[in-house]
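By the UniProt record's numbering, the letter at position 57 of the sequence shown is numbered 57, and the numbering carries on one by one without gaps.
Glycine included, each C-beta is placed from N, C-alpha and C at the ideal position.
Please read all numbers here as calculations on a predicted model, not as lab measurements.
First the structure, in the form of structure tokens, and then the observations on it.
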Amino acid sequence: MDTDFPARAIIDLSALEKNLQQLGKCDPNVQAMAIVKANAYGHGGAQIALAALKFGIKWFGVAQLAEAMQLRKALKDFPQTRIFTWIFSPDADLEAAIKAELDIAVSNPETLLRVASAARAAGKKARIHLAVDTGMGREGALPEKLAPLLSAAALASEEGTVAVSGIWSHLARGDEAGAGEEATARQLATFQQACELAFQRGFTQLVHHLSASSGLLWHPQAHFDLARYGIAMYGLTPNPERATTASLQLTPIMRLEADLISVKKLPAGHPVSYGGTWVAPQDTYIGIVPLGYADGIDRHASGKIWVAANGQKYPQVGRICMDQFMVDLGSGEEDKPPLAAGATVRVWGDGSQGEPTADDWAKAAETINYTIVTGLNPRVPRVYI
Ligand SMILES: *Cc1c(COP(=O)(O)O)cnc(C)c1O
């Protein structure tokens with residue numbers, strides 16, 4: 001443990017294993033791709049990937065090509081591992097990507113031609129997944145632009161520069177009930193048509209993938225051959241309004257904790273933090289937590305969140321600062337503070353000690369649990385257990 005930094009994110013790899021098993025039960029016939037983009041949603045890219053590999057994961061997905069190159073290095077002892085990537089610029093070094101045997105997403109004929117010529121230069125076949133925009137309005141060929149993409153792919157396949165190994169798309173509203181269900185049904189139908197067209201063009205052996213966590217959990221028809229495991233793998237629900245993390249039998253794998261750097265008694269009427277938005281209503285002990293918005297602690301949650309120690313909750317008071325925030329420990333007994341300097345408090349976790357979850361933080365900050373864990377700055381040490 002890094003004793004120079006009085007806070008840490010504890011990452012429980014056994015909870016990761018449990019979540020993977022739990023998600024595997026959704027459909028035993030669907031392959032799993034662990035999405036480890038953005039430093040594995042803040043949990044530590046290489047460590048999560050290596051652990052997931054140990055738990056049987058064979059596919060990984062990262063958004064940026066640079067992340068994929070990094071991951072390939074981290075997994076150099078496991079060259080069979082498939083690494084899927086879907087964001088790169090028009091002048092990206094595709095030759096290096098092909099040499100690194102990445103699975104590259106391709107949305108249009110221009111990109112396909114660039115990949116093919118990079119493959120020629122690399123002297124190696126490029127492995128690609130055709131992306132279809134079925135309603136996300138992001139990457140992928142629109143259905144009416146799929147035919148020319150398939151033609152270009154067929155040509156490059158015959159020429160031997162490209163191996164088309166997959167076709168995929170992404171749901172925009174897979175987590176929503178109600179109107180979202182209809183939108184998902186439309187995306188599903190569009191994807192099925194795209195897969196059919198690809199089949200007719202002779203691509204009969206493709207890996208078809210449409211679902212992220214929400215599709216895996218809530219849309220059995222969207223499972224196809226492979227599901228991209230994201231937020232649920234980290235033990236969080238894709239949408240707490242649809243199903244809570246607990247009801248999905250997932251366990252948040254990250255716990256953020258910090259050691260109080262100081263505890264002092266403030267007299268009644270004394271303000272706390274910028275703007276003096278909170279004023280001590282009585283003489284009370286204030287603890288300083290050495291984490292702030294520079295660490296990724298969302299300032300929007302100011303005054304609406306709490307920390308916990310030994311099953312006791314302590315409200316966060318005043319505005320969250322850049323590197324620290326304050327908690328109201330209460331008036332204590334006689335001259336003894338409820339917690340002493342150095343005491344460890346839980347900032348978020350699985351809630352088992354009364355601490356808020358990432359879902360609680362998301363609610364307080366009016367955001368989603370994804371941004372809570374993903375936003376945790378690299379300067380906070382990660383400890384793996
Ligand atoms: C981020 C992402 C995922 C994972 O999404 P979750 O909701 O976290 O499961 C899957 N596929 C694509 C294309 C993504 O961008």
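{"Item": "Are the region 153-160 and the region 181-189 touching by the rule of at least three beta carbon pairs closer than 8 Å?", "Value": "no"}
{"Item": "Answer yes or no: the CB of residue 86 versus the heavy atoms of ligand 1, is any distance below 7 Å?", "Value": "yes"}
{"Item": "Between residue 38 and the rest of its own chain, which residues show a CB-CB distance below 6 Å, the 5 nearest in sequence each way excluded?", "Value": "374"}
{"Item": "Taking three-plus beta-carbon pairs below 8 Å as touching, is the region 263-281 in contact with the region 235-242?", "Value": "no"}
{"Item": "Comparing alpha-carbon positions, which option in 314, 260, 352, 305 lies nearest residue 386?", "Value": "The first residue shown for the chain is 1 and the last is 385, placing residue 386 beyond what the model contains."}
{"Item": "If you scan the region 41-92 from start to end, which runs of the alpha helix (DSSP H) of 4 or more residues do you find wholly inside it?", "Value": "45-54, 65-74"}
{"Item": "Would you decide whether residue 28 is buried or exposed? Buried here means 16 or more other CB atoms lie within 10 Å of its CB.", "Value": "exposed"}
{"Item": "Taking 8 Å as the threshold, find out whether the region 158-177 comes into contact with the region 119-127 through three or more Cβ pairs.", "Value": "yes"}
{"Item": "Return the chain-ordered list of same chain residues with a C-beta closer than 6 Å to the C-beta of residue 142, the five sequence neighbours on each side being excluded.", "Value": "133"}
{"Item": "Report yes if the CB atom of residue 287 is closer than 8 Å to the CB atom of residue 376, and no otherwise.", "Value": "no"}
{"Item": "Round the Cβ separation of residue 131 and residue 107 to the nearest angstrom and send it over; I've been treating them as touching at under 8 Å.", "Value": "4 Å"}
{"Item": "When every heavy atom of ligand 3 is checked, does at least one fall within less than 7 Å of the C-beta of residue 102?", "Value": "With respect to small molecules bound, the structure shown includes ligand 1 and not ligand 3."}
{"Item": "Please find out if some non-hydrogen atom of ligand 1 comes closer than 7 Å to the beta-carbon of residue 49.", "Value": "no"}
{"Item": "Got a sec: does ligand 1 put a non-hydrogen atom nearer than 7 Å to the Cβ of residue 128?", "Value": "no"}
{"Item": "State yes or no: is the C-beta of residue 209 within less than 8 Å of the C-beta of residue 166?", "Value": "yes"}
{"Item": "Report yes if the C-beta distance between residue 305 and residue 364 is below 8 Å; otherwise report no.", "Value": "yes"}
{"Item": "Do the CB positions of residue 234 and residue 34 come within less than 8 Å of each other?", "Value": "no"}
{"Item": "When DSSP builds the beta bridges, which residues end up paired with residue 11?", "Value": "254, 384"}
{"Item": "Does the Cβ of residue 204 have 16 or more other Cβ atoms within 10 Å, making it buried, or fewer, making it exposed?", "Value": "exposed"}
{"Item": "So residue 347 is in the beta strand (DSSP E); what residue range does that whole segment cover?", "Value": "344-348"}
{"Item": "Could you tell me the boundaries of the beta strand (DSSP E) in which residue 228 lies?", "Value": "226-229"}
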